[in-house]
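S.K.:
What follows is the structure, given as structure tokens:
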């Protein structure tokens, strides 16, 4: 029988972590794109649009991510689309993060004082101009820390893709555990790798929050 | 698409669904109570003047918040028995949920504590209250009231996260869904209905917590 050394465990986990990172990046990019679109719909003045996005956000915030993954995996299969665990995970995580990001960003846009809108309108600027030159630059500043903070949730969320059979860090961990019967060691290393991925993001988010808030007080 | 949806057959497994929901509710109740106690303890430790206590609490929070729940669950369920601690699936799931919620609540409650006006603590000290009395009677109640909505959101997130506990075969709601779809192959229908039930549970939790909040925080105002 082949012997699995500690070095093999570590190497395989690190190799699997690539897929965690890649899936996180895809989910973040997709979620940010769709989330931006949703944010604009949400702050539009069309009631029906506002309601639709609200329901969308409620649905994704009120159901477990695991259920969303299952539905993406089995639901798209029903539609006759042959979907791999990869595709299902990427879709589900993209939709999941778009709902959360758009909710975060709406809050940021709304945090810009109403007076700014009125002042800009008085100056004769159109909607697009107001957005581009007045509101978004200010909202962006507020949005960066929570956005970075949410990326931690995405990285952690990718762990659930292991359940539908996508071989990333957590799945590699369970597979190595089955092969070596050293759960304590294997899952401790898995946890450490996740920690190393997430902790810098958490810290960056806290740092940015402090820095941007201080800058705001001075201006 | 020529797939015929068949929700009616799910009803044949009524008992499985009901016992699954009941298990999820039980897990949530225990996790909420345990998590709150752990969070209060953690917040007290985070503000403790002794540095080692503070550091242990801070490490606990950082480690839990920066690793996925499923890894924490696997570590507890597979890892602890290897270290000689035997746990049933339900115990392991519950412990994982409490530990997870406790870390988030530590930070949330601490945020509520940190904005307590210094004068109140000084006044309480002048009245001769001990540090423990000050924490439990003066600092904690208004702190919890201040961050109540964040606490509620976090408890709901943990309830939804409990779906993952099905992976160590705790017979809760998601486990029921997996069980049903493995019998009748109505996977989409099963998970669709399950998602709906979770949505309903989240809604009910929000309502119950709102009622509880009204009850807890309005009495005080009447007394003044």
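Residue numbers (my numbering), protein chains in the order written: chain Z, 1226 to 1444; chain E, 11 to 234.
Glycine residues also receive a C-beta, built at the ideal position from the N, C-alpha and C atoms.
Should residue 54 (chain E) go down as buried or exposed, given a rule of 16 or more other Cβ atoms within 10 Å for buried?
M.R.: Buried is the call here.
S.K.: What is the rounded straight-line gap between the Cα of residue 1286 (chain Z) and the Cα of residue 139 (chain E)?
M.R.: For residue 1286 (chain Z) and residue 139 (chain E), the distance between alpha carbons rounds to 43 Å.
S.K.: Quick check on DSSP: helix, strand or coil for residue 1348 (chain Z)?
M.R.: Coil at residue 1348 (chain Z), not helix or strand.
S.K.: Are the C-beta of residue 1400 (chain Z) and some C-beta of chain E separated by less than 8 Å?
M.R.: Not one chain E Cβ lies under 8 Å of residue 1400 (chain Z).
S.K.: Suppose the cutoff is 7 Å on Cβ atoms and the five residues either side in sequence are ignored; what does the same chain contact list for residue 117 (chain E) look like?
M.R.: Excluding positions up to five away in sequence, the list reads 71.
S.K.: For chain E, is any of its Cβ atoms less than 8 Å away from the one on residue 1248 (chain Z)?
M.R.: Not an interface residue.
S.K.: Mind listing the chain Z neighbours of residue 209 (chain E)? Cutoff is C-beta to C-beta under 9 Å, in chain order.
M.R.: Neighbours of residue 209 (chain E) on chain Z, chain order: 1283, 1284, 1287 and 1288.
S.K.: Using a Cβ-Cβ cut-off of 8 Å (strictly less than) and excluding sequence neighbours within five positions of residue 130 (chain E), which residues of its own chain qualify?
M.R.: Taken in chain order, the residues that qualify are 148 and 149.
S.K.: Using a Cβ distance threshold of 8 Å, determine whether the stretch 59 to 68 of chain E contacts the stretch 202 to 222 of chain E, with at least three qualifying pairs required.
M.R.: The stretch 59 to 68 of chain E, when compared against the stretch 202 to 222 of chain E, does not touch it at the 8 Å Cβ threshold.
S.K.: CB residue 1289 (chain Z) to CB residue 201 (chain E), shorter than 8 Å?
M.R.: Not in contact: residue 1289 (chain Z) and residue 201 (chain E) (Cβ atoms no closer than 8 Å).
S.K.: Return no unless some Cβ of chain C is closer than 8 Å to the Cβ of residue 1424 (chain Z).
M.R.: Considering every chain present, this structure includes no chain C. Its protein chains are Z and E.
S.K.: Kindly say whether residue 152 (chain E), judged by its beta-carbon, lies nearer than 8 Å to any beta-carbon of chain Z.
M.R.: It does not; no Cβ of chain Z falls within 8 Å.
S.K.: So residue 16 (chain E) is in the alpha helix (DSSP H); what residue range does that whole segment cover?
M.R.: Looking at the DSSP string, residue 16 (chain E) is not in any alpha helix (DSSP H), and its letter there is neither H nor E.
S.K.: Note down, in chain order, every chain E residue with its Cβ under 7 Å from the Cβ of residue 1377 (chain Z).
M.R.: What residue 1377 (chain Z) touches in chain E: 76.
S.K.: Kindly list, in the order they appear in chain E, the residues whose Cβ is closer than 7 Å to that of residue 1415 (chain Z).
M.R.: Near residue 1415 (chain Z) (Cβ distances below 7 Å), the residues of chain E are 81.
S.K.: Along the stretch 173 to 199 of chain E, what residues have a CB closer than 7 Å to any CB found in chain Z?
M.R.: So the list reads 173, 174, 177, 184, 197 and 198, given in the order they occur along the chain.
S.K.: Find the residues of chain Z that neighbour residue 217 (chain E), judging by a C-beta separation of less than 7 Å, and give them in chain order.
M.R.: Within chain Z, no residue comes near residue 217 (chain E); the closest Cβ sits about 13 Å away, beyond 7 Å.
S.K.: Does the beta-carbon of residue 182 (chain E) have 16 or more other beta-carbons within 10 angstroms, so that it is buried, or is it exposed?
M.R.: Result: buried.
S.K.: Could you pull the start and end residues of the alpha helix (DSSP H) that residue 1285 (chain Z) belongs to?
M.R.: Its alpha helix (DSSP H) spans residues 1272 to 1287.
S.K.: According to DSSP, is residue 1445 (chain Z) helix, strand or coil?
M.R.: With chain Z running from 1226 to 1444 in the structure shown, residue 1445 (chain Z) is simply not present.
S.K.: Determine the DSSP secondary structure at residue 1231 (chain Z), reduced to helix, strand or coil.
M.R.: The answer is helix: DSSP assigns residue 1231 (chain Z) an H, G or I state.
S.K.: Rounded to the nearest angstrom, how far is the Cβ of residue 1416 (chain Z) from that of residue 77 (chain E), given a contact under 8 Å?
M.R.: Confirmed, about 5 Å.
S.K.: What does the alpha-carbon distance come out to for the pair residue 35 (chain E) and residue 1387 (chain Z)?
M.R.: For residue 35 (chain E) and residue 1387 (chain Z), the distance between alpha carbons rounds to 25 Å.
S.K.: With distances taken between CB atoms, is the gap from residue 144 (chain E) to residue 156 (chain E) smaller than 8 Å?
M.R.: In this structure, residue 156 (chain E) does not lie closer than 8 Å to residue 144 (chain E) by Cβ.
S.K.: Taking contact to mean at least 3 C-beta pairs separated by less than 8 Å, is the stretch 188 to 198 of chain E in contact with the stretch 1295 to 1309 of chain Z?
M.R.: Yes, the stretch 188 to 198 of chain E touches the stretch 1295 to 1309 of chain Z.
S.K.: Are the stretch 1265 to 1272 of chain Z and the stretch 1324 to 1336 of chain Z touching by the rule of at least three beta carbon pairs closer than 8 Å?
M.R.: Cβ pair count under 8 Å is three or more, so yes.
S.K.: Looking only at its chain, what residues have a beta carbon closer than 6 Å to the beta carbon of residue 1430 (chain Z), apart from the 5 residues adjacent to it on each side?
M.R.: So the qualifying residues of the chain are 1370, 1373 and 1374.
S.K.: At a CB-CB cut-off below 7 Å, which residues of chain E make contact with residue 1388 (chain Z)?
M.R.: Residues of chain E passing the Cβ test: 177.
S.K.: I need the DSSP call for residue 1328 (chain Z), collapsed to helix, strand or coil.
M.R.: Helix, per DSSP.
S.K.: Output yes if chain E places a C-beta closer than 8 Å to the C-beta of residue 1451 (chain Z); else output no.
M.R.: Here chain Z covers residues 1226 to 1444 and nothing more, so residue 1451 (chain Z) does not appear.
S.K.: Could you pull the start and end residues of the alpha helix (DSSP H) that residue 158 (chain E) belongs to?
M.R.: Residues 158 to 171.
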